[in-house]
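Note sheet for the following structure.
Protein chains: 4
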Amino acid sequence: MQIGLVGLGKMGGNMRERLRNAGHTVVGYDTNPELSDVASLADLVDRLDAPRTVWVMVPAGGPTQLVIDQLGSLLKPYDTVVDGGNSRWTDDEKHAKELSAHGIGFVDAGVSGGVWGLQNGYALMVGGEKEHVDRLKPIFEALKPEGPYGYVHAGKVGAGHFAKMVHNGIEYAMMQAYAEGWELLEKVDSVDNVREVFRSWQDGTVIRSWLLDLAVSALDEDEHLEKLKGYAQDSGEGRWTVEAAIDHAVPLPAITTSLFARFASRQDDSPQMKMIAALRNQFGGHAVESKE
Amino acid sequence: MQIGLVGLGKMGGNMRERLRNAGHTVVGYDTNPELSDVASLADLVDRLDAPRTVWVMVPAGGPTQLVIDQLGSLLKPYDTVVDGGNSRWTDDEKHAKELSAHGIGFVDAGVSGGVWGLQNGYALMVGGEKEHVDRLKPIFEALKPEGPYGYVHAGKVGAGHFAKMVHNGIEYAMMQAYAEGWELLEKVDSVDNVREVFRSWQDGTVIRSWLLDLAVSALDEDEHLEKLKGYAQDSGEGRWTVEAAIDHAVPLPAITTSLFARFASRQDDSPQMKMIAALRNQFGGHAVESKE
Amino acid sequence: MQIGLVGLGKMGGNMRERLRNAGHTVVGYDTNPELSDVASLADLVDRLDAPRTVWVMVPAGGPTQLVIDQLGSLLKPYDTVVDGGNSRWTDDEKHAKELSAHGIGFVDAGVSGGVWGLQNGYALMVGGEKEHVDRLKPIFEALKPEGPYGYVHAGKVGAGHFAKMVHNGIEYAMMQAYAEGWELLEKVDSVDNVREVFRSWQDGTVIRSWLLDLAVSALDEDEHLEKLKGYAQDSGEGRWTVEAAIDHAVPLPAITTSLFARFASRQDDSPQMKMIAALRNQFGGHAVESKE
Amino acid sequence: MQIGLVGLGKMGGNMRERLRNAGHTVVGYDTNPELSDVASLADLVDRLDAPRTVWVMVPAGGPTQLVIDQLGSLLKPYDTVVDGGNSRWTDDEKHAKELSAHGIGFVDAGVSGGVWGLQNGYALMVGGEKEHVDRLKPIFEALKPEGPYGYVHAGKVGAGHFAKMVHNGIEYAMMQAYAEGWELLEKVDSVDNVREVFRSWQDGTVIRSWLLDLAVSALDEDEHLEKLKGYAQDSGEGRWTVEAAIDHAVPLPAITTSLFARFASRQDDSPQMKMIAALRNQFGGHAVESKE
């Protein structure tokens, strides 16, 4: 099958390769001419036979909006756009409406797999109308992992990104779970070798997982993670998960506390803890640590 | 190899079977005569050749203490006792000292595997002196899963139960992570089929795990878990994990909040939320919900 | 001074009374004719001399938007609108721009005080340009409590509602703090009389506060809060506080967990705890509580 | 009334002064001879008429145990010991039993007031049998603040320290509440002057309190707390509160998260956040911050 692919960064570039390996014809466009197959988005559209399918794989927010707007002008009725980036699910309905005004279909696809996707396949969570999703089946089939899992048509427009967002929220709390356990084990005198404890957990335990395997890999590279700083970014999807939970009055204590731990990790000095120190000093004459 | 096994409940009974399947000679004792191979603990000791090995698999606290005390009297120097139950790690050093006074060795073993252990093997986290642990190797080999993982000599006496305790703490937060994500997905209109989203995550995602597989099994049995009450027990090890963290000034936000969620799930009506309602009423004249 | 007041509910009605007691001329409008001084918003505007000041005290969101829109048409350049309701701070800049297009000034005022405000005065947190705020001084002076505190010009448009929103976030966590302590004391055998413990804290302690006084009042009415259900609403400002924190990557663990406790209090049966129960059953054969 | 006072540090020294100001005869002992009225504990006992009362005001744990042991030998039947230090409530019953074996009474007193107690009085939460507590009434009367509050006989032996411990747990979460709100306000552009917002809250708001007054004092000394480090100690009572809650299966999310925030504030680099960074790098190739 023929597909246009917009955005050829780390993810998009690997997806092009995986799709071509599966025998599909991919016309890729990127603002970086060294990565791009064509000179412009208009070129890309010209190179595809109608009805066209264009997969957008650019950063969420402004960049995605820009490409959607341009495709709205360039594409024709019965064409289909897939947003495979990390867009917020609330953008999807807006994009679907804009494109629908031109007779163009829209599908949102949450994509998991990171740097391992090229080799192992990408897990896909897809939202949209059945007729649009069905047209994409050969592409989804090529991108997804072999085996029975790794693909779902989760629901209406937005459901794909929503499911991917919740996936990432769960991921935050799972990572935090292992991280808390690791720190506690490292603190205790009786345990000689925390790395080997983690390694042993990879079979027969309740907590075996792919993330655990990755933790063991990380510890094999740097047993006590001494080369790293305790500094963790967040990518937006954790934040959106908490906001979606607040909208629906769903308590998310573990996921939220995991997000906050990342926020705190990025502060050189915690303003709120200065206030705690100041209050302790006010009522108890407790010593405070001053900056020199 | 020959081993005595005290406690033939759900876990102990299956372990006897797995050990026998591996060709070991197991003399089992249980207070329930229908399960027991011998009439008494003294009988069990008589039936073993010196140096003896006795694996204790009874509930933590009083019952384990009782068996350890009796074995201290019945066993002889160079014998070894393994506590494979869910004892608190702080009990291990005490038990090791008591038995050491009689010349008897002590090993603590954290055992994971639940009802799946008979078939898949039990993950083992072991603490104790090398000479005592080494004697047990054939037993550990038979109990553990096939393959390279599932067994670790974690450190000194107590390290086995400590590692298992942390394993369970991590398990609490992982379960909470999936549970929070599931509830949020169930609340959202655009997602049609949460069970299929979970199923799809079993390959290619960052959050694939054995617990995820179990979640899918549970949803296959009861898609919206309508037959269950939102009521979750805790087994002690989550509590001990938090207490150990407090002792070492390690923040465990995700694990602790997961424990508290279980506490709250067991309250018919939350006392603290009554106070919140009372205060809102005091300052704002907000309506409260009364018990008719 | 002359002022129009739109919205004469519990808060607005009391504010009219307090302003009149201070000698101001208040023209009140409410959709309920029994409360209203005039027949319509147009009437209210007619009854005021230019430059007019109109205080809006209606529910946040749609109702406030409607009144702002209408006032935009009815008022004239140099008039001023004050939004004293519980609007989200992000609405303020929008409202200010809309009114500014007509030459009308805008001030946002966060108001605290609840049912006690008529007697004790209302704490006011105000945002807006100095020229608009200064015109309102006599009104603020009449509404605020006597004494040196209870009024602040917090900053630009939006700052008043933002400060009030954070006030409410802090309030959530303080209420939760007392509620947690109360529940723990009620659980312990050695403490005979929790109400008297709370009463004693009203002087000499670090935790004395107005909320503590209210807690004592509530316990005097119902010592063990047996007439209440553990069910707590939230008013929006707690949610917005968490969302603002997420926008600024500020960790708010205590405030957020207090919000989540309220969410959980309103669930008859916790979906996420069903998943926890289901998982425990899957791996451990743990008994679950079924709905008979 | 005549009383012996053991421990003349910051708290004990001020209490001696307040008791003497009230006309009581205080014989003070401290290991520091410059502070002490007598040469030894035996001397102190000699200087008191039977039945004697000795107030112990030394650090919790070992030091308190030592003094209790010595008083058990030195005192006589019908004498009474008060432990006014920050002992864990679980120590109280043990101390009461030890002293009871010698016919000596025991009272535990939780004392709040810090550096302000000398002037304003100390809030007292007392546990013990009525006959022992009643003997102390004149002392309690002199120490407590004027006015109707600030003293409670909370219950049996241990209830005084338990109530004080819960007081401190509540204090942790209240401090955290203000600290979170302050940090959020400081982050927002529209709010010009956070200190004045805090100051305004001192009247008419739901969150007015003594701690708020202290926060304003602290901000008056250092408006943005720039001279402080975000580093907060904890004193033991917050930890014990969480442990007591775990014992009773009471969820304490706000208090616990406040304790954990202090733990985290004391880590130069968070081990658990290193693990988060390592995992992100493993699955996503995300850049990590290395220690150059």
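Chains as they are written, first to last, in the working numbering: chain A, 1 to 292; chain B, 1001 to 1292; chain C, 2001 to 2292; chain D, 3001 to 3292. Where is the CB? At the ideal position from N, CA and C, for every residue including glycine.
- For H2024/C and R262/A, the gap between their C-alpha atoms comes out near 52 Å.
- Taken atom to atom, the span from the alpha-carbon of I139/A to that of M1/A is near 8 Å.
- Listed in chain order, the positions of the region 2099-2125 of chain C with a beta carbon within less than 8 Å of a beta carbon of chain B are G2114, V2115, W2116.
- Cβ neighbours of K156/A within its own chain (closer than 8 Å, five residues either side excluded): G127, G128, E129.
- Residue-level contact check: S209/A does not touch chain D, since none of the beta carbons of chain D fall below 8 Å from its beta carbon.
- The C-beta of Q1070/B comes no closer than 8 Å to any C-beta of chain A.
- Per DSSP, the continuous beta strand (DSSP E) segment holding D3083/D begins and ends at 3080-3083.
- Here DSSP, grouped into helix, strand and coil, assigns W2116/C to helix.
- Secondary structure at Y122/A: coil, using DSSP grouped into helix, strand and coil.
- Only A1244, A1245, H1248, V1250, L1252, P1253, A1254, I1255, T1257, S1258, A1261 from the region 1244-1262 of chain B bring a Cβ to less than 7 Å from some Cβ of chain A.
- Chain C has no Cβ within less than 8 Å of the Cβ of K1144/B.
- With a cutoff of 8 Å on beta-carbon distance, L3124/D and K3144/D are scored as near each other.
- With distances taken between CA atoms, G9/A lies nearest to Y29/A out of D234/A, Y29/A, N21/A.
- Neighbours of F283/A in chain C, taken as residues whose beta carbon is under 8 Å from its own, are V2206 in chain order.
- Below the 7 Å Cβ cutoff, chain B contributes no neighbours of R3052/D, its closest Cβ being approximately 38 Å away.
- The three-state secondary structure of H3161/D, taken from DSSP, is helix.
- At a C-beta separation below 9 Å, V3242/D has these neighbours in chain B: V1242, E1243, I1246, T1256.
- Shown here, V2191/C sits in a strand according to DSSP, grouped into three states.
- Counting of Cβ neighbours within 10 angstroms places Y3172/D among the buried residues, the total reaching 16 or more.
- Under the 8 Å criterion on CB atoms, P77/A is classed as non-interfacial with respect to chain D.
- Boundaries for I1104/B: no alpha helix (DSSP H) harbours it, and the DSSP string shows neither H nor E there.
- Using a Cβ distance threshold of 8 Å, V1058/B and G181/A do not count as a contacting pair.
- DSSP, reduced to helix, strand and coil, places Q3002/D within a strand of the structure shown.
- C-alpha of E146/A to C-alpha of G1204/B: approximately 9 Å in a straight line.
- Collapsing the DSSP output to three states places G110/A in a strand.
- At a cut-off of 8 Å between beta carbons, A3264/D contacts chain B.
- Taken through DSSP and simplified to helix, strand or coil, A3154/D comes out as strand.
- Nearest in C-alpha terms to M1273/B, of all of W2116/C, L2228/C, G2160/C, is L2228/C.
- The beta carbon of P2271/C sits closer than 8 Å to some beta carbon of chain B.
- Taking 8 Å as the CB threshold, M2015/C stays off the interface with chain D.
- For the pair of segments examined, the region 1190-1205 of chain B was found not to touch the region 188-206 of chain A: the number of CB pairs separated by less than 8 Å stays below three.
- Between G2238/C and L2214/C, the C-beta gap is not smaller than 8 Å, which leaves the two residues out of contact.
- The beta-carbon of W1089/B is placed no less than 8 Å from the nearest beta-carbon of chain C.
- The contact set of R1195/B on chain D, defined by CB atoms closer than 8 Å, is empty, because the minimum CB distance reaches about 25 Å.
- For G3028/D, the uninterrupted beta strand (DSSP E) segment begins and ends at 3025-3029.
- Counting only runs of 3+ residues, the beta strand (DSSP E) found wholly inside the region 12-63 of chain A occupies 25-29, 53-56, in chain order.
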